[in-house]
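Asker: The structure is given below, and queries will be raised subsequently.
Next comes the structure, spelled out in structure tokens:
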């Protein structure tokens, strides 16, 4: 008589297929999660730039020509230089509304000293840079020591600088500058416009400072929590004055680039650049609350604005509608930034 062990469970005939079916599903799930992880590491602005770039290459036969691509770099050089200073200020949790007016004032000051006062051009050029830095210094003092909100302080200097730029010549432009000055925006190095080289050099220097210098890294701490940064011993006031002064100096550099390109100093130059400067920084991923942002993202945002403006011109989009598109892109960038912040939280 056979003895049956009731504690032994007979093998399931379908156990092997079940295991072999689960394994591929697990592998596929792992691959999907890895792909999502890699995609999450790619900055959103960079993906947007690629999409816009590919779309415009199909919509316009002139977009991908080397001449047009170099034109984009030249067109965004002045806005790009100002956006570096704007990013530094936004990292502190501030904002600068005066960049366009500082561009005009520094340009008109340089031109007036050269053509009307008879100063040597090199001295007048340096004086124009000093004027821009001085306005930035005033912004820094008003925010650091005057305790004014950055919006109010820079709004006041914006109005004052715009008025002074018009007052110098009663609103008339000044033309006629040395050939070597005009050559800054009329010649190229290895096919790259000199103003593009200047733009990339400024971005590289600022990126090195933010990443490797303690005073640059301190901007993130101050923008993240100013009171904690002050209690930790960081020189908050000095950092604000320094950053606003740098922003004013960079706006003056942008003014010189515009004057060189036009061979004319215009008292209303830069009036329409404020929206583009803020758009570049915001689209690049910087948070308006301060403490986060990068120059790489700002450079990508600059290219997005430049490519959009250039593409809309090639497609004969009305100049009155182009700011509408830029405004929509800014709104989308801010909404994306908020969703990303909540997800990371």
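Residue numbers (full-length UniProt numbering): 1 to 345.
Think of the CB as a built atom: it goes at the ideal place given N, C-alpha and C, for glycine as much as any other residue.
As the structure is a computational prediction, the values presented were derived from the model and not from experiment.
#1: Along the alpha helix (DSSP H) that carries residue 160, what are the first and last residues, could you check?
#2: Beta-carbon within less than 6 angstroms of residue 367's beta-carbon, same chain only, minus the 5 sequence neighbours each way: which residues are those?
#3: By how many angstroms is the C-alpha of residue 66 removed from the C-alpha of residue 56?
#4: Less than 8 angstroms between the CB atoms is what I'm expecting for residue 222 and residue 231, so what's the real figure, rounded?
#5: Given a cut-off of 8 angstroms on the beta-carbon distance, is the pair residue 284 and residue 268 in contact?
#6: Determine whether the beta carbon atoms of residue 135 and residue 274 lie at a separation below 8 angstroms.
#7: For a test of the three-state rule: what should DSSP assign to residue 268, helix, strand or coil?
#8: Quick one: what's got a C-beta closer than 7 angstroms to residue 209's C-beta in the same chain, skipping five residues either side?
#9: State yes or no: is the C-beta of residue 125 within less than 8 angstroms of the C-beta of residue 256?
#10: By DSSP's criteria, residue 289 is part of a beta bridge. Which residues make up the other side?
#11: Please report the straight-line C-alpha distance between residue 114 and residue 146, rounded to a whole angstrom.
#12: Please state if the CB of residue 75 and the CB of residue 320 are separated by a distance shorter than 8 angstroms.
#13: Using a Cβ distance threshold of 8 angstroms, determine whether the region 77-91 contacts the region 237-255, with at least three qualifying pairs required.
#14: Tell me the rounded alpha-carbon separation between residue 239 and residue 139.
#15: Suppose the cutoff is 6 angstroms on Cβ atoms and the five residues either side in sequence are ignored; what does the same chain contact list for residue 270 look like?
#16: Determine which residues share a DSSP beta bridge with residue 188 and list them.
#17: With which residues is residue 175 paired in a DSSP beta bridge?
#18: Where do the N-terminal and C-terminal ends of the alpha helix (DSSP H) with residue 301 fall, by residue?
#19: Taking its Cβ as the centre, do 16 or more other Cβ atoms sit within 10 Å of residue 195, making it buried, or is it exposed?
#20: Just confirm the distance between the C-beta atoms of residue 272 and residue 108, as a whole number of angstroms; I'd bet it's less than 8 angstroms.
#21: Considering just the uninterrupted stretch of the alpha helix (DSSP H) at residue 71, what are its terminal residues?
#22: By the DSSP assignment, the alpha helix (DSSP H) with residue 112 in it spans what residues?
#23: Just tell me which of 70, 330 and 263 has its CA closest to the CA of residue 191.
Answerer: Looking at the coordinates:
#1: 150-169
#2: Examination of residue 367 is not possible in this model, given that the chain is present from 1 through 345 alone.
#3: 14 angstroms
#4: The pair is not a contact, with the Cβ atoms about 12 angstroms apart (cut-off 8 angstroms).
#5: no
#6: no
#7: coil
#8: 216
#9: yes
#10: Paired residue(s): none; residue 289 is not in a bridge.
#11: 35 angstroms
#12: no
#13: yes
#14: 12 angstroms
#15: 100, 103 and 104
#16: 193
#17: 264
#18: 295-314
#19: buried
#20: Residue 272 to residue 108, Cβ: 17 angstroms. No contact.
#21: 66-75
#22: 99-115
#23: 70
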